[in-house]
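Undergrad: Line order of the protein sequences matches chains A and B. For the first sequence, our numbering begins at 1 and goes up steadily by one. For the second sequence, our numbering begins at 79 and goes up steadily by one. For each residue, glycine too, the CB sits at the ideal point set by N, CA and C. Because the structure is a prediction, the values reported are computed rather than measured.
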Amino acid sequence: MTITFKKDRAVFSDMAGGEDAEGLLEWLQKYPNGKMDLSACTHLHPANLQVVMAAKRQITTAPKDKQLAGWIASALKP
Amino acid sequence: MNPLLEQFLSESREALQGIGEKLMQLEKEPASTDLMIELFRYVHTLKGNSGLFDLPELTRVLHAGEDLMDAVRNGQVAYSSVLADRLLDAMDFVGMLCDEIETHERIDIKHVNDSVRLAETLRQLIGTPPPTEAPSPVSAPVEAPSAPSAVGNSGPPLPLADIPEETRLEAYRAGSLHWLAYSPVEECFFQGDDPFYQVRHTPGILWGSISARTAWPKLAELDPYSCVLDFTLLSSAPRDELEEYYRYVPDQIRITAVPAQFLILPQGDPNGGPVYEDFVADAIALLHAGNMAGLTRAARSMLELSNPDLWFSSALRWLLTAIECEPGNSVVQQTILASLRTLTPPVWHEIGDISDNGGASEAVNGTTVPSPAAIPVPLSPEMAAIIGAQREILSLPDSVGWQNGRIKGVAAALSGCLHATGAGGAIAGLEAALAKALDRESAAPLLLWLDGFFAPTVADTPDRPEQTAQSEQGDATDTAGQSSPTPVLPQPTYADVKFGRRAEDTFAGPKSIKVDQVKIDRLMNLIGEMVVAKNALPYLAGRAETVFGVRDLSREIKSQYAVINRIAEEMQDSIMQVRMMPVSFVFQRFPRLVRDISNKLGKEINLVLEGEETEADKNIVESLGDPLVHIVRNSLDHGIETPDVRKKCGKPAAGTLVIRASQESDRVVIEIRDDGKGIDPDVIKRKAYEKGVISEEQLERISDQDAVNLVFAAGFSTAEVVSDLSGRGVGMDVVRTAIEKVNGTIRLESEKGKGTRLSLSLPLSMAVSNVMIVESNRQIFGVPMDSVIETVRVPRADIRTIKKSLTTVLRGRIVPLKPLNSLLGLNVPPKANDEDELAVLVVNIGGEPAGIMVDDFHETVDIILKPMTGVLAGLSAYSGSALLGDGSVLMVLDIKEII
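Structure, rendered in structure tokens:
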């Protein structure tokens with residue numbers, strides 16, 4: 001698992017594979033106030049990205065990877 | 079080229095030919111289901127095979143063909159000549175790709191469009207949209223770009239303003255730009271795609287964004303595995319490279335060329351003041367005077383004085399960049415200055431819009447291209463030079479008195495160019511641009527028209543089909559059953575594009591041919607007879623000399639014989655080569671076999687195959703198959719221990735089984751070695767005694783090595799339990815017999831606890847055997863040279879009798895002697911020569927020497943050994959017969975049988 005679920009946030013690290021999307025979706029439904037920390041994320045499968053986009057939750061830290069951060073910012077732009 | 083690909087190509091050719099034939103037959107009997115099924119099978123196999131390689135263009139067309147044939151087979155679609163035509167076209171295309179793979183080992187990216195088009199024409203016949211183009215993704219790429227154009231000319235056709243200014247400045251410097259819109263299909267995640275990853279690694283990527291096609295549902299209803307993302311990005315990579323990169327999804331990607339100027343969109347706080355008016359006036363004057371250095375200076379100092387967040391500053395930055403990158407293009411600078419004056423962004427496509435027919439704007443918004451304008455004209459170098467010159471002229475500063483004359487001149491030159499390239503339809507656009515230019519007394523409209531029409535080959539192929547389709551939608555009914563095709567399918571306006579491979583085309587034949595083995599065998603027999611016939615010549619020479627006394631003739635016959643002999647030998651060698659095949663033919667089944675057996679037995683085995691490329695005669699290689707399977711099974715079942723036992727013995731848990739082939743002079747040696755528990759000679763001895771294979775007396779005397787070799791005895795098995803793998807007591811006996819049948823030998827060495835080594839030695843070819851001729855009782859016999867150790871003459875005095883058996887001592891070893899006559903049941907004693915010496919042929923029997931007493935030795939000859947047939951086949955004393963040069967028959971002895 002490259003997504004670790006803590007009390008109030010889901011922490012992404014390295015590459016978040018497609019199979020993680022289901023877990024993420026469940027967790028987000030279970031914790032309506034859950035936030036997401038993408039700082040250590042280097043890539044995430046578009047399935048995860050779709051969940052992140054659909055959830056419209058607060059992202060506590062943007063990815064350190066500048067390029068990825070740009071993409072995600074464009075995706076989350078209202 | 080790797081052998082797999084080579085095989086694929088040769089099989090593909092066969093399949094293509096088969097498809098062609100079946101289609102022809104179908105034309106005659108369109109209702110035949112058998113033919114249909116066969117046809118489907120061909121296409122299916124071909125497609126399946128192509129999937130092994132990285133050949134998306136090939137697979138795409140074949141996949142469509144397969145779907146179509148499947149529909150035909152199931153009766154959903156009726157066979158028609160249109161179908162046959164399209165399928166044949168597609169197969170011609172596949173054939174062409176095969177040729178290309180053969181020469182270049184890859185498929186050029188330029189075939190992507192053809193492959194998409196062919197696949198689509200095939201799918202049209204099925205009457206359903208292709209699975210990769212489910213309604214939503216299809217509508218997305220087509221409609222998305224048309225949306226901005228619907229807004230009209232007030233807004234930018236592409237959301238270029240979304241791109242941060244910094245990125246745009248960088249992109250503008252990069253020059254040639256492409257806008258990509260990638261809409262992956264919904265089910266792409268299940269195909270193992272990661273479109274995001276792919277997009278992120280697009281060559282030359284400058285900027286990108288992600289958007290969702292639909293509004294997001296509630297989380298509870300969200301299906302994360304249905305891709306609804308659209309990706310847009312700006313890249314500086316050349317179009318070819320982008321197409322190559324996205325070659326697997328050409329139908330989901332739209333590439334649009336973006337003229338760099340379109341990026342010049344100043345942004346910021348529009349707070350301005352009259353002070354700028356002065357600057358703009360000055361700047362325009364400087365520009366008209368051609369004083370670029372002055373303009374740059376002025377702009378720089380103005381920029382320093384201004385707040386960088388201002389719209390004005392942004393425009394200045396663009397002006398400076400434009401001067402830096404395109405110092406000659408006064409139109410761009412002029413336009414920026416003009417927009418500075420009004421503090422409104424330059425509307426590039428509107429300037430291009432001066433001409434209603436064809437212009438730069440169409441290149442960007444793609445869909446509104448009115449027919450003839452945007453067809454890219456392939457330019458000859460000369461033409462390109464002329465157009466380049468016109469562009470330069472237009473870029474010159476405007477403020478000269480003869481400006482209008484210059485514009486007219488350029489327009490005349492361009493109109494000539496259009497006529498010459500056959501794009502006369504675009505002249506209306508040119509004239510409109512000319513009128514606007516003359517009206518404004520500025521070259522800008524004409525220059526933009528020129529850039530839009532010729533320069534960056536902007537009118538791109540993917541845009542074109544839509545436009546054609548739009549104009550053709552009315553007559554798109556020729557494709558029956560195409561109920562309501564999703565928006566616009568590219569109609570084959572290029573129906574006359576064919577892919578070679580017609581009857582009249584030159585046909586490069588395949589390099590290899592398949593020949594029936596019977597034909598090769600016949601050739602082999604003929605060369606055998608030739609060898610025999612040739613051997614008659616020395617006899618003839620001898621007779622010429624001795625009987626007729628013509629020595630010269632004898633010499634001439636001999637020299638002729640030498641020539642024929644050489645040719646015959648080469649011929650024989652070549653035919654042998656034809657029959658040679660690599661042992662990998664047999665070896666290739668072992669990885670699977672070993673895997674299955676080891677799984678079944680719960681053992682871990684590393685299989686090592688070596689020397690698979692070693693070649694031997696086809697018959698020999700084929701005869702190896704069964705014995706090797708037996709041996710390998712035995713090794714796995716009895717030899718290699720379970721991982722637990724192995725660990726206890728201090729061996730690695732995984733056992734190693736090595737199968738190695740090598741060539742040693744004229745023999746192939748196959749070695750099968752394992753590091754298992756080996757064979758315990760004591761167990762073998764006891765078992766052999768129990769089964770009556772050896773007597774009690776032998777049990778006492780037998781050496782360990784001999785005991786180990788007892789496993790080859792008939793009816794021998796040590797296994798307590800007969801498993802379904804081995805232990806029936808026929809295995810090793812069968813192995814030995816099979817190997818000996820092809821004149822091979824087998825040797826077994828084993829060390830208890832360390833492992834077992836079996837080596838099989840086989841002749842490279844069994845066609846010609848070398849035999850020694852011996853004489854006994856006035857008859858001649860052949861003895862295979864393989865078993866002959868030496869020929870000696872033993873004085874009668876040296877022969878002793880031990881227990882009724884004759885023996886002699888040769889180099890300190892006792893060699894038993896047997897007269898050939900008595901072995902053959904002839905009651906005649908062997909003849910001695912004048913010195914009372916007896917001729918003894920020492921042969922090798924199972925590793926031990928034995929002497930056969932004969933009357934005399936003759937020469938050795940190469941013969942084609944024919945096995946005994948009919949009633950004679952029951953005579954085990956002979957392994958076969960052969961014809962000698964003088965026409966006499968030579969019986970070849972089977973030494974192992976007679977002793």
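Suppose contacts are defined by Cβ-Cβ distances below 7 Å. Is tyrosine 323(B) in contact with proline 281(B) by that definition?
TA: Yes, these two residues count as a Cβ contact at 7 Å.
Undergrad: For isoleucine 923(B), which residues does DSSP report across the bridge?
TA: Glu926(B)
Undergrad: Establish whether the CB of threonine 245(B) and some CB of chain A are separated by less than 7 Å.
TA: no
Undergrad: Under a three-way DSSP split, which group does lysine 896(B) fall into?
TA: strand
Undergrad: Using a C-beta to C-beta distance shorter than 9 Å, which residues of chain B count as neighbours of serine 39(A)?
TA: Going along chain B, no residue has its Cβ under 9 Å from serine 39(A), so there is no contact; the nearest lies around 18 Å.
Undergrad: Pull up the distance between the alpha-carbon of leucine 300(B) and that of valine 277(B), whole angstroms please.
TA: 23 Å
Undergrad: Evaluate leucine 950(B) with the Cβ neighbour count: other Cβ atoms within 10 Å of its Cβ, from every protein chain shown; 16 or more gives buried, anything less gives exposed.
TA: exposed
Undergrad: CA-CA distance, alanine 491(B) and threonine 413(B)?
TA: 25 Å
Undergrad: In the structure shown, what three-state DSSP assignment does serine 773(B) receive?
TA: coil
Undergrad: Mark isoleucine 401(B) as exposed unless 16 or more other C-beta atoms lie within 10 angstroms of its C-beta, in which case mark it buried.
TA: buried
Undergrad: Hey, leucine 902(B) and alanine 955(B) are a contact pair by Cβ (cut 8 Å); roughly how many whole angstroms apart?
TA: 7 Å
Undergrad: Quick check: the Cα distance between cysteine 176(B) and alanine 142(B), rounded to an integer number of angstroms?
TA: Each residue's alpha carbon lies about 17 Å from the other.
Undergrad: Any C-beta of chain A sitting closer than 7 Å to the C-beta of serine 90(B)?
TA: So, not an interface residue.
Undergrad: Can you list the residues of chain A that serine 287(B) reaches, using a CB-CB cut of under 8 Å?
TA: Neighbours of serine 287(B) on chain A, chain order: Trp71, Ser74, Ala75 and Lys77.
Undergrad: Isoleucine 283(B): which of Ala290(B), Leu388(B) and Tyr275(B) sits nearest, CA to CA?
TA: Tyr275(B)
Undergrad: Taking only beta-carbon atoms, is proline 273(B) less than 7 Å away from chain A?
TA: yes
Undergrad: Where leucine 166(B) and glycine 98(B) are concerned, what is the direct C-alpha to C-alpha distance, given to the nearest angstrom?
TA: 7 Å
Undergrad: Report buried or exposed for proline 213(B), applying the criterion of at least 16 other Cβ atoms within 10 angstroms of its Cβ.
TA: No answer about proline 213(B) holds up, because its pLDDT of 40 lies below 50 and its placement is not dependable.
Undergrad: Please tell me whether phenylalanine 267(B) has its Cβ less than 7 Å away from any Cβ of chain A.
TA: At least one CB atom of chain A sits nearer than 7 Å to the CB of phenylalanine 267(B).
Undergrad: On the three-state DSSP scale, how would you describe phenylalanine 268(B)?
TA: DSSP places phenylalanine 268(B) in helix when its eight states are reduced to three.
Undergrad: If I'm right that leucine 836(B) touches isoleucine 709(B) with Cβ under 8 Å, what's the distance once you round it to whole angstroms?
TA: 6 Å
Undergrad: Taking DSSP as the reference, what is the three-state secondary structure of threonine 734(B)?
TA: The three-state secondary structure of threonine 734(B), taken from DSSP, is strand.
Undergrad: Cutting at 8 Å between CB atoms, please list the residues of its own chain near methionine 649(B), excluding the five before and the five after it.
TA: Ile605 and Met608
Undergrad: Could you please give the first and the last residue of the uninterrupted beta strand (DSSP E) stretch that includes tryptophan 257(B)?
TA: 255-260
Undergrad: Do we get a CB-CB distance below 7 Å when we pair proline 302(B) with the residues of chain E?
TA: The chain inventory of the structure shown lacks chain E, comprising the protein chains A and B.
Undergrad: In chain B, which residues lie less than 7 Å from glycine 18(A) when you measure between Cβ atoms?
TA: Phe267
Undergrad: Does glutamine 58(A) have its Cβ less than 7 Å from a Cβ in chain B?
TA: no
Undergrad: What residues match up with methionine 969(B) in a beta bridge as DSSP calls it?
TA: Phe859(B) and Ser959(B)
Undergrad: Any idea what DSSP makes of phenylalanine 390(B), helix, strand or coil?
TA: Annotated three-state conformation of phenylalanine 390(B) is helix, per DSSP.
Undergrad: Histidine 936(B) lies in the alpha helix (DSSP H); which residues open and close that run?
TA: Segment 934-942 is the beta strand (DSSP E) holding histidine 936(B); no alpha helix (DSSP H) there.
Undergrad: Checking the sheet assignment: what are the DSSP bridge partners for aspartate 14(A)?
TA: Cys41(A)
Undergrad: Can you list the residues of chain B that methionine 53(A) reaches, using a CB-CB cut of under 7 Å?
TA: Ala290 and Trp294
Undergrad: Does chain A have any CB closer than 7 Å to the CB of leucine 297(B)?
TA: True, the Cβ-Cβ gap to chain A drops below 7 Å.
Undergrad: Taking its Cβ as the centre, do 16 or more other Cβ atoms sit within 10 Å of leucine 702(B), making it buried, or is it exposed?
TA: By the 16-neighbour rule on beta-carbons within 10 angstroms, leucine 702(B) is buried.
Undergrad: Contact criterion: CB-CB distance below 7 Å. Does leucine 838(B) meet it with respect to chain A?
TA: no
Undergrad: Is the beta carbon of serine 867(B) less than 7 Å from the beta carbon of glycine 860(B)?
TA: The sequence shown places isoleucine at residue 867(B), rather than the serine named in the question. No. Outside cutoff.
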